[in-house]
Each structure stands twice: as C-alpha cells, then as structure tokens.
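Numbering (the working numbering), first residue to last: 9 to 135.
We put the CB at the ideal spot given by N, CA and C, even for glycine.
Notes follow once the structure below has been shown.
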C-alpha cells in the first residue's frame, strides 16, 4: 500500500476515532506546512503554528471519514465534521513531500435541501 495513504489512514481512520496523539500528528507535517481554508480566508503557515492552533481548539474534533482517494503525493479525504453541533461536509486536499504533509486545502460545505426539480434524478447517498 502507498506509504502516504497509510499515513493518512493513521491520521484520519475510517472509524472516526482519532488514533494519533497530537505530537504524532504534528510529526507527520513538514516544517513549512501550509493549511488553506478558502471559505474563511485563513492560511496557517508552519507546522508549529498549526500545532499551537490545535491546542486552542474548543474540544476534540469529530470527523467521520467517508472516503480517501489518491496516490503518490496527492490525496483527497472526504468526510463529515461536527463543529459545535453543526454538521459540515469537508473535502480535504492533501499534498505530501518527502514523506510528510506539506499542504492541505480544506473546503467545508453545510448540508442544504436540494431543489425539487432534481428529485426525479437524484437518490440519497449512504450515511
């Protein structure tokens, strides 16, 4: 199995239980790591800044991984995130370099009611 995929599966296991310590997660990131969150306009630059931000996170993150796709140095992790009782879907684009995560772009979307005109074409995805 792809080494980078194994690292991602350790970081975000499919059972939703974050298995790594904060320090082990910290070690998976490159020193010049960048996290982009386009919807909020935030950019966290540096592994140490990311770790400092995580220390102030208001409660443990709750992420249900739905799928991990990709190979080599580029992956996408799709999931559902509970943020203070609000559910968001997340697409996390992950880039590796030298065996560490160098960049993530996290795109969040809140669920919404589909328009009625699409009902005859659509089915509900599995939960």
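Helix, strand or coil at residue 64 according to DSSP, with G and I counted as helix:
In the chain shown, counting from the first residue as 1, residue 64 sits at position 56. Three-state result, residue 64: coil.
Using DSSP with H/G/I as helix, E/B as strand and the rest coil, what is residue 32?
Within the chain shown, residue 32 is the residue found at index 24, counting from 1. Residue state, collapsed to three classes: helix.
Please name the residue or residues paired with residue 84 in a DSSP beta bridge.
Here residue 84 refers to the residue found at position 76 of the chain shown. DSSP lists 77, 101 as partners of residue 84.
Cα-Cα separation between residue 60 and residue 130, rounded to whole angstroms:
As a first step, residue 60 is located in the chain shown; it is residue number 52 there, counting from the start. As a first step, residue 130 is located in the chain shown; it is residue number 122 there, counting from the start. Each residue's alpha carbon lies about 43 Å from the other.
So residue 37 and residue 109 are supposed to be a Cβ contact under 8 Å. How far apart are they, rounded?
Position 29 of the chain shown, counted from the first residue, corresponds to residue 37. Position 101 of the chain shown, counted from the first residue, corresponds to residue 109. Contact flag correct, Cβ pair sits at about 5 Å.
Excluding the 5 residues preceding and the 5 following residue 58 in the sequence, name in chain order all residues of the same chain whose CB lies nearer than 8 Å to its CB.
Reading the chain shown from its first residue, position 50 is the one you call residue 58. Counting only Cβ-Cβ distances below 8 Å, and skipping sequence neighbours, we find 34, 37, 41, 43, 52.
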